[in-house]
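Asks:
Number of protein chains: 2
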Amino acid sequence: MTRYDTLDTAQLETELEAQLGRYRSFQAQGLALNMARGKPSTAQLDLATPLLTALASPADCIAADGTDCRNYGVLAGIPEARELMAALLDDDPATTIVFGNSSLTAMYDALARCIDFGTGGYEPWCHSGPIKWLCPVPGYDRHFSVTEAFGIEMLPVPLLTEGSSLGPAMDEVERLAAADPAIKGIWCVPKYSNPSGITYTDDVVRRLAAMECAAPDFRIFWDNAYSVHHLSADPTQQDQLLDIGTACREAGNPDRYFKFGSTSKITFPGAGIAGFASSPQNVAETLEQVSSQMIGHDKLTQLRHVRFLRDAEGIAAHMAQHAAILAPKFALVQQKLSQRLDEAGIARWTDPRGGYFVSFDGLEGTAQRTVELAREAGVVLTGAGATWPYGNDPADSNIRIAPSLPPIDELDVALDVLVCCVRIAALEKLLGR
Amino acid sequence: MTRYDTLDTAQLETELEAQLGRYRSFQAQGLALNMARGKPSTAQLDLATPLLTALASPADCIAADGTDCRNYGVLAGIPEARELMAALLDDDPATTIVFGNSSLTAMYDALARCIDFGTGGYEPWCHSGPIKWLCPVPGYDRHFSVTEAFGIEMLPVPLLTEGSSLGPAMDEVERLAAADPAIKGIWCVPKYSNPSGITYTDDVVRRLAAMECAAPDFRIFWDNAYSVHHLSADPTQQDQLLDIGTACREAGNPDRYFKFGSTSKITFPGAGIAGFASSPQNVAETLEQVSSQMIGHDKLTQLRHVRFLRDAEGIAAHMAQHAAILAPKFALVQQKLSQRLDEAGIARWTDPRGGYFVSFDGLEGTAQRTVELAREAGVVLTGAGATWPYGNDPADSNIRIAPSLPPIDELDVALDVLVCCVRIAALEKLLGR
Numbered sequence: 001m002t003r004y005d006t007l008d009t010a011q012l013e014t015e016l017e018a019q020l021g022r023y024r025s026f027q028a029q030g031l032a033l034n035m036a037r038g039k040p041s042t043a044q045l046d047l048a049t050p051l052l053t054a055l056a057s058p059a060d061c062i063a064a065d066g067t068d069c070r071n072y073g074v075l076a077g078i079p080e081a082r083e084l085m086a087a088l089l090d091d092d093p094a095t096t097i098v099f100g101n102s103s104l105t106a107m108y109d110a111l112a113r114c115i116d117f118g119t120g121g122y123e124p125w126c127h128s129g130p131i132k133w134l135c136p137v138p139g140y141d142r143h144f145s146v147t148e149a150f151g152i153e154m155l156p157v158p159l160l161t162e163g164s165s166l167g168p169a170m171d172e173v174e175r176l177a178a179a180d181p182a183i184k185g186i187w188c189v190p191k192y193s194n195p196s197g198i199t200y201t202d203d204v205v206r207r208l209a210a211m212e213c214a215a216p217d218f219r220i221f222w223d224n225a226y227s228v229h230h231l232s233a234d235p236t237q238q239d240q241l242l243d244i245g246t247a248c249r250e251a252g253n254p255d256r257y258f259k260f261g262s263t264s265k266i267t268f269p270g271a272g273i274a275g276f277a278s279s280p281q282n283v284a285e286t287l288e289q290v291s292s293q294m295i296g297h298d299k300l301t302q303l304r305h306v307r308f309l310r311d312a313e314g315i316a317a318h319m320a321q322h323a324a325i326l327a328p329k330f331a332l333v334q335q336k337l338s339q340r341l342d343e344a345g346i347a348r349w350t351d352p353r354g355g356y357f358v359s360f361d362g363l364e365g366t367a368q369r370t371v372e373l374a375r376e377a378g379v380v381l382t383g384a385g386a387t388w389p390y391g392n393d394p395a396d397s398n399i400r401i402a403p404s405l406p407p408i409d410e411l412d413v414a415l416d417v418l419v420c421c422v423r424i425a426a427l428e429k430l431l432g433r
Numbered sequence: 434m435t436r437y438d439t440l441d442t443a444q445l446e447t448e449l450e451a452q453l454g455r456y457r458s459f460q461a462q463g464l465a466l467n468m469a470r471g472k473p474s475t476a477q478l479d480l481a482t483p484l485l486t487a488l489a490s491p492a493d494c495i496a497a498d499g500t501d502c503r504n505y506g507v508l509a510g511i512p513e514a515r516e517l518m519a520a521l522l523d524d525d526p527a528t529t530i531v532f533g534n535s536s537l538t539a540m541y542d543a544l545a546r547c548i549d550f551g552t553g554g555y556e557p558w559c560h561s562g563p564i565k566w567l568c569p570v571p572g573y574d575r576h577f578s579v580t581e582a583f584g585i586e587m588l589p590v591p592l593l594t595e596g597s598s599l600g601p602a603m604d605e606v607e608r609l610a611a612a613d614p615a616i617k618g619i620w621c622v623p624k625y626s627n628p629s630g631i632t633y634t635d636d637v638v639r640r641l642a643a644m645e646c647a648a649p650d651f652r653i654f655w656d657n658a659y660s661v662h663h664l665s666a667d668p669t670q671q672d673q674l675l676d677i678g679t680a681c682r683e684a685g686n687p688d689r690y691f692k693f694g695s696t697s698k699i700t701f702p703g704a705g706i707a708g709f710a711s712s713p714q715n716v717a718e719t720l721e722q723v724s725s726q727m728i729g730h731d732k733l734t735q736l737r738h739v740r741f742l743r744d745a746e747g748i749a750a751h752m753a754q755h756a757a758i759l760a761p762k763f764a765l766v767q768q769k770l771s772q773r774l775d776e777a778g779i780a781r782w783t784d785p786r787g788g789y790f791v792s793f794d795g796l797e798g799t800a801q802r803t804v805e806l807a808r809e810a811g812v813v814l815t816g817a818g819a820t821w822p823y824g825n826d827p828a829d830s831n832i833r834i835a836p837s838l839p840p841i842d843e844l845d846v847a848l849d850v851l852v853c854c855v856r857i858a859a860l861e862k863l864l865g866r
């Protein structure tokens, strides 16, 4: 194997023919494989089976303070569930609220409240004129869908995945936030980021907390979706994240952050609980605003999670079982990509220690073609461009790889198909087709 | 016992002294009773105990179409849950969506979507200038909290509870809706209404469906919270409600209604599922709008409800058990109020055949005092005024009685206290104090 940029046209043609032959053999297999979304596999879901029967009788449904979780009420969540989510969010139970079955909904709703009612006592954003938002890229497509739905102009900023500072390019973030009061917030997946898998370094967290913002009600939407989702149970192989709440308090901007998280990739996606944590003032304001939307979230689901996961130690022990299933899949991704792509010099990808994704960059102008080729060979990838606001990756190079869902033998084949498609798309590009 | 309006001052004084003596004896008992909120009793909650273990194994979690309800997805709800909620909402599964754990949240969110994004393809209501809303009174306090939160001006219209037409006073509703394009909707609890317990008659439903509305995107928020909540299992003793969807289609206004309902007072309040039904166009628009807020609601809770309640017949059989618990409590309310208040001529109240409430009207200017007296004797009632927008009952006469939660022996005492407080407040009023 040789670097493609050292080949002449005839050699490129020969290589393309070889890859197309390989591609046709994949097509002949009638594959139906999916590497598109960050869904846990069946084996992972089975880890949480005891959750199903965690509450089996009326007596089981009584919370520690005597609350019957089968009836109305308790807007902020039962105390033991607030403790559990505080453990997950690295926060205090007093400033942690339990929300419903989805942190995406909690984020959408938090943004909607800022727009309809305002935050921090400032005017509702719907009265502020057009709003803008900072979007580290590549990022999470569903974040971008939320801001797009509300007509917020999204400003991409690079996410740095190499070097001593990992996270949003802070020089640019600081410059934009200081200059424009219409910029009201930023999307962040600070740990094992979606899709790059990097974790923000302490200096980046501190700069986000301390930076000058032209908007006094600027909010960091801190989606700590993968806070405990390590690929190894060995703490020395796990990323550590500086707490944004601590950083904001130290910087004198205590109300700047909204933290979000959920049990979606811990127990059952869509049938778990979400958590929200922020400053005492933001939490009080949020509860007041939410009181017209909600009497109380599902306390049976809350109590089931408490009984099953117990506490931080229980979560860690449970996540070690997830890691045992996920780590071989992530290792396979690295192995296949390195073996089959390293020498061609046509791609780069991340090698995360947790989370659900690997961020892959092919040659400029090849991502859409790669995804199209894969689809036509029966392998569904996340749509090219999805990791950018408006689905528009200007370089057309980024693809999100999600290895969690398929069984490892299917993942193996899907990666072979991916590699073949990356090569074909690169060869077509180099040949000017 | 005599009608109070036939008594002279001295007789009123004597009667007041007698009632105050009785009141002091209640106070001496150190009561702590609650007739404030429409919460099911523990005995009712116990009826749904099998729901807790309805899904006990991974195999149990697979929906009829093969969907693993433990994983992400299925925005509109699993098909069998849509069928169940369609049965509850008297609608078609194709135009029924399953929402989360609360119909209140579903209503708040639907209103928020109208405000932020618009409905029926019309401009978002946030661009329409100030909005107004029709509020039949007495009504449901949490409805009024939702419209108040969004700064919508609420216009009370009387709810007729006697005569041949039951429901909102349609002459006034029609006059207002036709005249003012700022009026965008109306709150309706059409069956066993909160708090009056009346069910809208067919003529009222048809007039709501057919009336001229100055706002082309006028929406009837049809909160059918008590659709199956009869106090008798005998169909001849149950109210029947004309379907608003059918009426709207027949009137040529097919998109005018949003139907809501939930299992909250069927299984476990706050741990059940909510349903939404509307026209095909509204449902499609709603799903499109909701797709940025939500990946999918809790499908395990959906499937548990399907396995436990099964279908319309299963719901009816289950509700008959609720009726057996609730009917004696509602009968006791009628018995106590009739025995102890009929002759004094100082109050009127409704006698519903379903739902959770009795609407009580004392003399003008006595409701707040009555609630205050009851509270000081250890009986918590719904706050006076709660049944009106902004908590402002201009006649200060209406009190919502919620007999479901207390055990019947406690309810018995609570009603004695209520009657005594009603009498004291009336006597004070008649004596000009």
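So the sequence lines, in the order shown, correspond to chains A and B.
Residues in the first sequence are numbered from 1 upward in steps of one, following my numbering.
Residues in the second sequence are numbered from 434 upward in steps of one, following my numbering.
Ideal Cβ placement from N, Cα and C applies to all residues, glycine included.
Roughly how many angstroms separate the alpha carbons of A/Ala81 and A/Lys259, rounded to a whole number?
Replies: 16 Å
Asks: How is the beta strand (DSSP E) around B/Cys502 delimited, first residue to last?
Replies: Careful: B/Cys502 lies outside any beta strand (DSSP E) and carries neither H nor E.
Asks: Compare the C-beta of B/Ser711 with all C-beta atoms of chain A and state if any pair is closer than 8 Å.
Replies: B/Ser711 does not count as touching chain A.
Asks: Quick check: the region 47-64 of chain A against the region 443-461 of chain B, are at least 3 beta-carbon pairs closer than 8 Å?
Replies: no
Asks: Are the CB atoms of A/Gly378 and A/Thr370 within a distance shorter than 8 Å?
Replies: Remark: C-beta atoms of A/Thr370 and A/Gly378 do not approach each other more closely than 8 Å.
Asks: State the DSSP-derived secondary structure class of A/Arg348, mapped to helix, strand or coil.
Replies: strand
Asks: Relative to the C-alpha of B/Val813, which residue among B/Ser830, B/Asp784 and B/Leu848 is closest?
Replies: B/Leu848
Asks: I'd like to know if A/Val173 contacts chain B, where contact means its C-beta is closer than 8 Å to some C-beta of that chain.
Replies: Chain B, which has no Cβ nearer than 8 Å to the Cβ of A/Val173, makes this no.
Asks: List the endpoints of the continuous alpha helix (DSSP H) containing A/Lys429.
Replies: Ile408 to Leu430
Asks: Do B/Ala476 and B/Ile758 have their CB atoms nearer than 8 Å?
Replies: Going by C-beta atoms, B/Ala476 is nearer than 8 Å to B/Ile758.
Asks: Where do the ends of the beta strand (DSSP E) carrying A/Ile399 lie?
Replies: Membership of A/Ile399 in the beta strand (DSSP E) is indicated by the continuous run Asn398 to Ile401.
Asks: What first and last residue would you give for the beta strand (DSSP E) that runs through A/Pro158?
Replies: Glu153 to Leu160
Asks: Given a threshold of 16 other Cβ atoms within 10 Å of its Cβ, counted over all protein chains shown, does A/Tyr72 qualify as buried or as exposed?
Replies: buried
Asks: Along chain A, which residues have their Cβ under 7 Å away from the Cβ of B/Ile728?
Replies: Ser102, Leu104 and Gly270
Asks: So what's B/Arg740 in DSSP terms, helix, strand or just coil?
Replies: Of the three classes helix, strand and coil, the one that applies to B/Arg740 here is helix, per DSSP.
Asks: Does A/Val137 come out as helix, strand or coil in the three-state DSSP assignment?
Replies: It is a strand residue.
Asks: Measuring only between beta-carbons, confirm whether A/Thr49 sits less than 8 Å from chain B.
Replies: yes
Asks: Under 6 Å Cβ to Cβ from A/Asp202, same chain only, skipping five residues before and after it: list those, please.
Replies: Excluding residues within five positions, the ones whose Cβ falls inside 6 Å are Leu242.
Asks: Counting contacts by CB-CB distance shorter than 8 Å, is B/Lys565 in contact with chain A?
Replies: no
Asks: Check whether the Cβ of A/Cys135 lies closer than 8 Å to any Cβ atom in chain B.
Replies: no
Asks: In chain A, which residues lie with their C-beta within 7 Å of the C-beta of B/Arg503?
Replies: Leu45, Phe268 and Ala271
Asks: Using Cβ-Cβ distances below 9 Å, what residues of the region 295-315 of chain A are close to chain B?
Replies: Ile295, Gly296, His297, Asp298, Lys299, Leu300 and Thr301
Asks: Indicate whether at least one CB of chain B lies closer than 8 Å to the CB of A/Ala386.
Replies: no
Asks: Take B/Ser409 and list the residues in its own chain whose beta-carbon comes closer than 8 Å to its own, dropping the five residues that flank it on each side.
Replies: Because chain B is modelled from 434 through 866, residue 409 of chain B falls outside the range shown and cannot be assessed.
Asks: Quick check on the DSSP output: the alpha helix (DSSP H) that includes A/Ser25 runs from which residue to which?
Replies: Where A/Ser25 is concerned, the enclosing alpha helix (DSSP H) stretches over Thr9 to Ala28.
Asks: Of the residues that make up the region 32-43 of chain A, which ones have a beta carbon closer than 8 Å to any beta carbon in chain B?
Replies: Arg37, Lys39, Pro40 and Thr42
Asks: Output the distance between the C-alpha atoms of B/Ala647 and B/Thr552, rounded to the nearest integer angstrom.
Replies: Whole-angstrom Cα-Cα distance: 15 Å.
Asks: In the DSSP assignment, find the unbroken alpha helix (DSSP H) run with A/Phe330 in it and report its ends.
Replies: Ala312 to Leu341
Asks: May I have the straight-line CA-CA distance separating B/Asp650 from B/Gly630, to the nearest angstrom?
Replies: 29 Å
Asks: Within 10 angstroms of the Cβ of A/Pro93, are there 16 or more other Cβ atoms? Answer buried if so, exposed if not.
Replies: buried
Asks: Applying the criterion that 16 or more other CB atoms from any shown protein chain within 10 Å of the CB defines a buried residue, is B/Asp826 buried or exposed?
Replies: buried
Asks: Let me know if A/Gln339 comes out buried or exposed under the rule of 16 or more other beta-carbons within 10 Å of its beta-carbon.
Replies: exposed
Asks: Taking one C-beta from the region 292-301 of chain A and one from the region 271-278 of chain A each time, how about it: are there three or more such pairs within less than 8 Å?
Replies: yes
Asks: Could you work out which residue in B/Leu517, B/Val846, B/Gln726 and B/Leu641 is closest to B/Gln460 when comparing CA atoms only?
Replies: Closest option to B/Gln460, Cα to Cα, is B/Val846.
Asks: What are the partner residues of B/Ser695, as DSSP defines its beta bridges?
Replies: B/Ala707
Asks: Counting only beta-carbon separations shorter than 8 Å, does B/Leu488 have a partner in chain A?
Replies: yes
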